[in-house]
Amino acid sequence: AKQMNDLPEGLKPKVKGGGSLTALPIIETQAGDVSAYIPTNVISITDGQIFLESDLFNSGVRPAINVGISVSRVGGSAQIKSMKKVAGTLKLDQAQFRELEAFAKFGSDLDAATMNVIEKGKRNVEILKQAQNDPFTVEDQIAIIFAGSKNLLRQVPVNRVKEFEQSYLELLKAKHQVVLDTLKAGKLTDSVIDTLTKVATDLAAQYA
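Numbering-wise, the working numbering comes out as the position in the sequence shown, counting from 1, plus 11.
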């Protein structure tokens with residue numbers, strides 16, 4: 012900053028030098044085209060981008076983030092260890108789901124593995140939905156993302172996933188608070204994994 016040519020002389024003694032510039036550019040794309048001149052140039056100078064899509068918003072997915080295009084080059088470094096372990100494959104899973112979902116719309120015959128990816132993806136979309144002014148604690152996020160990423164919700168109908176989520180978190184808080192505290196501390200031990208798996212599996216069976 013001290014070397015800037017347009018810095019007024021009166022401010023130069025007050026500038027310490029060094030540091031970095033933080034900017035949060037907001038770009039409106041035309042018809043969702045991120046390959047246009049302005050979006051491409053902005054993306055090239057930032058540490059990542061969150062791409063919001065009107066089609067997702069209109070279909071009830073909120074926040075309406077396109078997981079395949081959105082990128083964070085520092086996101087993993089900012090996560091606690093337990094979140095990083097649990098959510099490591101989530102982006103790839105959801106990007107794969109969106110790709111395969113397009114084929115499903117044509118009504119063509121799909122093999123069991125493809126259907127499994129699609130059904131898992133639908134449930135993950137539901138657990139990632141968040142109401143306005145309704146923040147989640149990090150331990151709650153980890154607990155529910157664990158259940159989704161491990162495909163423990165496969166018995167739960169898609170339209171009842173949010174109901175399952177509420178019951179699941181209430182059950183953990185009532186009977187397994189120590190598990191949530193451990194997750195908050197950034198630890199994902201074998202005993203925590205076993206407890207989360209058992210609670211989610213037993214509860215999901217009630218929705219079958």
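C-beta atoms are modelled at their ideal positions from N, C-alpha and C, and glycine is treated no differently.
Beta-carbon proximity list for residue i, same chain, < 6 Å, skipping 5 on both sides
i      : result
Ile155 : Ile138 and Glu176
Ile56  : none
Ile91  : Gly197
Where residue i falls: helix, strand or coil (DSSP)
i      : result
Gly132 : helix
Ile138 : helix
Gln188 : helix
Gly86  : helix
Ala34  : coil
Gly99  : coil
Neighbourhood of residue i by C-beta, 7 Å cutoff - its chain only, sequence neighbours within 5 removed
i      : result
Ala215 : Leu163, Leu164, Gln166, Val167 and Phe175
Ile61  : Ile76 and Ser81
Thr200 : Thr193
Of the residues the options, the one placed nearest residue i, counting alpha carbons only
i      : options                  : result
Ala106 : Asp145, Asn135 and Asn52 : Asn135
Asn144 : Pro74, Ile61 and Gln41   : Pro74
Cutoff 9 Å: residue i Cβ touching any chain B Cβ
i      : result
Ala216 : In the displayed structure, chain B is absent; only one protein chain is listed.
Beta-carbon proximity of residue i to residue j, cut-off 9 Å
i      : j      : result
Ala211 : Ala142 : no
Gln43  : Asp66  : Note that residue 43 corresponds to Gly in the displayed sequence, not to Gln. Taking 9 Å as the Cβ cut-off, Gly43 and Asp66 qualify as a contacting pair.
Glu110 : Gly79  : yes
Lys198 : Leu191 : no
Thr100 : Ser160 : yes
Lys173 : Lys133 : no
Lys195 : Glu150 : yes
Phe108 : Val128 : yes
Leu103 : Phe114 : no
For residue i: DSSP bridge partner residues
i     : result
Gln60 : Val82
Ile76 : Leu63
Residues near residue i by beta carbon distance below 8 Å, same chain, minus five either side
i     : result
Ile49 : Ile38
Residue i beta carbon near the ligand MN (any heavy atom closer than 8 Å)
i     : result
Ser88 : You won't find the ligand MN in this model; it holds no ligand whatsoever.
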